[in-house]
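A.B. asks:
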Amino acid sequence: MIPLAYKLREMNNNIIIGSGKEHLSLFQNELTGLSYIDFPGFRPGYSRFLPQYLSLLFKTPGLLYHIILEHFRLKSIIREHAIDIVVSDNRFGLWNNKVTSVYVTHMPLIPLPKLLRFLEPFGVFLHRLIIKKYTHCFIPDLPGDLNLSGRLSHGIKLPDNVRYIGILSKFNFPEQSLNENPSKFHHNTVILSGPEPQREILKQKLVTLFKDKEPITVILEGKPGKKVEIVRTGNIVLYSHLSTFRMKEMIKGSVNIITRSGYTTIMELVSLNCTALLIPTPGQTEQEYLAEYLSDKRLFYSISQNEIKTGISLGSDKAVWSDEIIRQSSILLTEALKELLEKHHKKD
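Take any residue in the sequence shown, note its place counting from 1, add 3, and you have its number in the numbering used here.
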């Protein structure tokens with residue numbers, strides 16, 4: 004959402020950000036001078052013991068209730084703030100027939116475990132019905148063989164309102180230009196993301212593993228707030244959060260990078276010409292698939308969380324990505340947003 008908001012603001016649109024309180028501080032730090040609304044999405048959470056797909060299955064009634072609730076709340080927000088266009092990230096209820104609506108997702112196909120894979124076509128069918136409720140659906144990826152999401156958004160029948168918009172990264176904007184000599188000290192970087200308890204479980208495993216080892220390991224906890232908290236224990240330095248500029252410096256200056264295989268993180272690393280060791284969140288089938296897919300393509304490398312024991316074999320964070328990824332992404336995003344705004348003005 005951050006790079007989309009940047010681009011739309013660049014195109015002279017007035018932006019209002021709606022999110023839960025846990026994300027509002029992130030948006031306020033990254034996108035200053037905008038209006039902000041407390042408009043939380045569904046928070047499924049994770050279990051320490053159950054796979055995510057089972058945890059979600061048990062929470063389906065709560066999800067359906069939240070979809071209905073947010074759909075009706077959106078109506079009052081549109082009236083109150085005179086909103087013309089609504090852009091939402093994987094939120095099933097944020098369509099409205101009176102305004103232009105955009106649904107953003109990188110996975111029209113939601114991957115299931117092997118034993119349940121026969122149900123995936125039914126999931127694609129249901130997701131297609133949701134996508135058709137919106138004016139547009141944006142997929143942050145490239146349409147051809149050069150892509151990052153694999154079967155999550157390729158090789159399946161997509162509605163006519165779907166547009167590939169290229170990879171999105173908050174690091175691609177001019178105001179985030181990087182110094183020629185990023186972070187001068189020798190270090191590895193760990194990027195934490197996702198909900199608890201799995202975020203903390205991974206952190207503790209990596210702290211135990213690297214606290215007495217060289218080089219220094221920097222852990223970016225991804226907990227935005229008004230103040231940056233820094234804690235040092237042994238050879239571990241933990242930052243509660245960093246600005247986009249400082250985070251970019253830290254990543255680019257890394258010897259090695261370790262991260263979850265969340266799609267946003269993957270796009271941002273590609274935009275920085277970096278690879279990483281991917282450790283998917285246990286039971287989160289999307290992350291498990293992406294880690295396997297990108298590892299098989301030799302774009303990243305991966306291990307499971309259970310394999311973190313006495314040591315990790317780290318490769319190099321240096322990657323050689325095709326310039327076509329960034330070039331095509333810029334073209335696709337500009338074309339999609341121009342089409343969106345032109346159709347909206349014609350609708351008016």
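Every residue gets a Cβ at the ideal spot worked out from N, C-alpha and C, and that includes glycine.
Bear in mind that the values here come from a model prediction, so they are computed numbers and not experimental data.
Assess, as a yes-or-no matter, whether the segment 127–139 is touched by the segment 167–175 under the definition of 3 or more beta carbon pairs within less than 8 Å.
C.D. replies: Segments in contact, no.
A.B. asks: With DSSP run on the structure shown, which of helix, strand or coil describes histidine 3?
C.D. replies: Any answer about residue 3 is impossible in this case: the structure gives the chain only from 4 up to 351.
A.B. asks: What are the boundary residues of the alpha helix (DSSP H) that aspartate 163 is part of?
C.D. replies: Translated into positions along the sequence shown, residue 163 becomes position 160. Taken as a continuous stretch (DSSP letters only), aspartate 163 belongs to no alpha helix (DSSP H), as it is neither H nor E.
A.B. asks: Is the Cβ-Cβ distance between isoleucine 142 and lysine 208 less than 8 Å?
C.D. replies: Working through the sequence shown from its first residue, we reach residue 142 at position 139. Working through the sequence shown from its first residue, we reach residue 208 at position 205. Cβ atoms of isoleucine 142 and lysine 208: not closer than 8 Å.
A.B. asks: May I have the straight-line CA-CA distance separating lysine 173 from proline 6, to the nearest angstrom?
C.D. replies: Reading the sequence shown from its first residue, position 170 is the one you call residue 173. Reading the sequence shown from its first residue, position 3 is the one you call residue 6. For lysine 173 and proline 6, the distance between alpha carbons rounds to 5 Å.
A.B. asks: Give me the residue from Ile219, Lys24, Leu34 with the minimum Cα distance to isoleucine 40.
C.D. replies: As a working mapping, residue 40 is identified with position 37 in the sequence shown. Residue Lys24 is the option with its Cα nearest to isoleucine 40.
A.B. asks: Quick check: the Cα distance between lysine 78 and histidine 347, rounded to an integer number of angstroms?
C.D. replies: Mapped onto the sequence shown, residue 78 falls at position 75. Mapped onto the sequence shown, residue 347 falls at position 344. Roughly 18 Å between the two C-alpha positions.
A.B. asks: Taking buried to mean at least 16 other C-beta atoms within 10 Å of its own C-beta, is isoleucine 20 buried or exposed?
C.D. replies: The count along the sequence shown starts at 1 and reaches residue 20 at position 17. So isoleucine 20 ends up on the buried side.
A.B. asks: Using the C-alpha atoms, what's the distance from proline 114 back to leucine 335?
C.D. replies: Residue mapping note: residue 335 aligns to position 332 of the sequence shown, counting from 1. Residue mapping note: residue 114 aligns to position 111 of the sequence shown, counting from 1. Rounded to the nearest angstrom, the two C-alpha atoms are 26 Å apart.
A.B. asks: Just curious, the alpha helix (DSSP H) that phenylalanine 141 is in, first and last residue?
C.D. replies: The count along the sequence shown starts at 1 and reaches residue 141 at position 138. No alpha helix (DSSP H) contains phenylalanine 141, which is instead part of the beta strand (DSSP E) from 139–142.
A.B. asks: Between which two residues does the alpha helix (DSSP H) carrying arginine 154 extend?
C.D. replies: What you label residue 154 is simply residue 151 of the sequence shown in a count that begins at 1. Careful: arginine 154 lies outside any alpha helix (DSSP H) and carries neither H nor E.
A.B. asks: What is the DSSP secondary structure of serine 104, reduced to helix, strand or coil?
C.D. replies: Translated into the one-based positions of the sequence shown, residue 104 becomes position 101. Residue state, collapsed to three classes: strand.
A.B. asks: When you compare the CB positions of leucine 317 and phenylalanine 303, do they come within less than 8 Å of one another, or not?
C.D. replies: Residue 317 sits at position 314 when you count from the first residue of the sequence shown. Residue 303 sits at position 300 when you count from the first residue of the sequence shown. Taking 8 Å as the Cβ cut-off, leucine 317 and phenylalanine 303 do not qualify as a contacting pair.
A.B. asks: Below 8 Å on the Cβ atoms is my contact criterion, and I expect isoleucine 159 with proline 111 to pass it. Report the Cβ-Cβ distance as a whole number of Å.
C.D. replies: Here residue 159 is taken as the residue at index 156 of the sequence shown, counted from 1. Here residue 111 is taken as the residue at index 108 of the sequence shown, counted from 1. About 6 Å separates the two Cβ atoms, so the contact holds.
A.B. asks: Does the Cβ of glycine 96 have 16 or more other Cβ atoms within 10 Å, making it buried, or fewer, making it exposed?
C.D. replies: Counted from its first residue, the sequence shown places residue 96 at position 93. Per the 10 Å Cβ criterion, buried.
A.B. asks: Quick test of your reading: isoleucine 18 and leucine 11, contact by CB under 8 Å. State the CB separation rounded to the nearest angstrom.
C.D. replies: Locating residue 18 in the sequence shown gives position 15, counting from the first residue. Locating residue 11 in the sequence shown gives position 8, counting from the first residue. Yes, isoleucine 18 and leucine 11 are in contact; Cβ-Cβ is about 6 Å, under 8 Å.
A.B. asks: Is any beta-carbon of chain B found at less than 8 Å from that of glycine 147?
C.D. replies: Judged by its chain identifiers, the structure shown contains no chain B, having just a single protein chain.
A.B. asks: To the nearest whole angstrom, what separates the beta carbons of leucine 241 and isoleucine 261, a pair I think is in contact under 8 Å?
C.D. replies: Taking the sequence shown and counting its residues from 1, the one referred to as residue 241 is at position 238. Taking the sequence shown and counting its residues from 1, the one referred to as residue 261 is at position 258. So it is not a contact: roughly 14 Å between Cβ atoms.
A.B. asks: Use the C-beta contact count for glutamine 246: other C-beta atoms within 10 angstroms, 16 or more gives buried, fewer gives exposed.
C.D. replies: On the sequence shown, residue 246 is found 243 positions in, with the first residue counted as 1. Strictly speaking, residue 246 in this sequence is serine, with glutamine absent from that position. Exposed, by the Cβ-count rule.
A.B. asks: Anyone know if the C-beta pair for asparagine 93 and valine 105 falls short of 8 Å?
C.D. replies: The count along the sequence shown starts at 1 and reaches residue 93 at position 90. The count along the sequence shown starts at 1 and reaches residue 105 at position 102. In this structure, valine 105 does not lie closer than 8 Å to asparagine 93 by Cβ.
A.B. asks: Pull up the distance between the alpha-carbon of glutamate 183 and that of leucine 161, whole angstroms please.
C.D. replies: As a first step, residue 183 must be located in the sequence shown, where it is residue number 180. As a first step, residue 161 must be located in the sequence shown, where it is residue number 158. With a pLDDT of 46 at glutamate 183, under the threshold of 50, the modelled position of that residue is not reliable, and the figure given next carries that caveat. Spanning the two alpha carbons is a distance of roughly 42 Å.
A.B. asks: Give the secondary structure of valine 127 by DSSP, where H, G and I count as helix, E and B as strand, and everything else as coil.
C.D. replies: Working through the sequence shown from its first residue, we reach residue 127 at position 124. Valine 127: helix per DSSP, three-state reduction.
A.B. asks: Tell me which residues share the same chain as valine 210 and place their Cβ nearer than 6 Å to its Cβ, disregarding the 5 neighbours each side in the sequence.
C.D. replies: Residue numbering aside, residue 210 sits at position 207 when the sequence shown is read from its first letter. Contacts found: Ile239.
A.B. asks: Quick check: the Cα distance between serine 243 and proline 124, rounded to an integer number of angstroms?
C.D. replies: Translated into positions along the sequence shown, residue 243 becomes position 240. Translated into positions along the sequence shown, residue 124 becomes position 121. Each residue's Cα considered, the two are about 40 Å apart.
A.B. asks: Excluding the five sequence neighbours on either side, which residues of its own chain have a C-beta within less than 8 Å of the C-beta of phenylalanine 176, listed in chain order?
C.D. replies: Residue 176 sits at position 173 when you count from the first residue of the sequence shown. Once the five neighbours on either side are set aside, the close Cβ partners of phenylalanine 176 are Pro6, Tyr9.
A.B. asks: Are the beta-carbon atoms belonging to proline 285 and glutamine 201 less than 8 Å from one another?
C.D. replies: Numbered from 1 along the sequence shown, position 282 holds the residue referred to as residue 285. Numbered from 1 along the sequence shown, position 198 holds the residue referred to as residue 201. Yes, the pair counts as a contact, with Cβ atoms nearer than the cut-off.
A.B. asks: What does a CB cutoff of less than 7 Å around glutamate 33 pick up in its chain, not counting 5 residues either side in sequence?
C.D. replies: Taking the first residue of the sequence shown as 1, we reach residue 33 at position 30. Once the five neighbours on either side are set aside, the close Cβ partners of glutamate 33 are Ile5, Lys173, Thr247.
A.B. asks: Tell me which same chain residues have a C-beta within less than 6 Å of the C-beta of serine 332, skipping the five on either side of it?
C.D. replies: Translated into positions along the sequence shown, residue 332 becomes position 329. Gly169, Ile170.
A.B. asks: Could you check the C-alpha separation between leucine 181 and leucine 122 for me, to the nearest Å?
C.D. replies: Along the sequence shown, one-based indexing puts residue 181 at 178. Along the sequence shown, one-based indexing puts residue 122 at 119. Note that leucine 181 scores 48 on pLDDT, short of 50, meaning its location in the model is unreliable and no value can be drawn from it.
A.B. asks: What does DSSP give as the partner residues of isoleucine 88 in its beta bridges?
C.D. replies: Here the question's residue 88 lines up with position 85 in the sequence shown. Thr103, per the DSSP bridge assignment.
A.B. asks: Could you tell me how far apart the beta carbons of glycine 153 and tyrosine 266 are, in whole angstroms, since I believe they sit closer than 8 Å?
C.D. replies: Residue numbering aside, residue 153 sits at position 150 when the sequence shown is read from its first letter. Residue numbering aside, residue 266 sits at position 263 when the sequence shown is read from its first letter. Wrong, their Cβ atoms sit about 11 Å apart, outside the cutoff.
A.B. asks: Would you tell me roughly how many angstroms separate the C-alpha atoms of glutamine 179 and glycine 228, rounded to the nearest one?
C.D. replies: As a working mapping, residue 179 is identified with position 176 in the sequence shown. As a working mapping, residue 228 is identified with position 225 in the sequence shown. Confidence is the limiting factor: at glutamine 179 the pLDDT is only 48, short of 50, which leaves the residue's position unreliable, though a coordinate-based value still follows. In a straight line, the C-alpha of glutamine 179 is about 20 Å away from that of glycine 228.
A.B. asks: Under three-state DSSP, which class holds glutamine 179?
C.D. replies: The residue you call residue 179 lines up with position 176 of the sequence shown. Residue placement at glutamine 179 cannot be trusted, given a pLDDT of 48 that sits under 50; what the coordinates show is reported in the next sentence. In this structure, glutamine 179 counts as helix in the three-state DSSP scheme.
A.B. asks: So what does DSSP say about glycine 21, is it helix, strand or coil?
C.D. replies: In the sequence shown, counting from the first residue as 1, residue 21 sits at position 18. Glycine 21 falls in the strand class under three-state DSSP.
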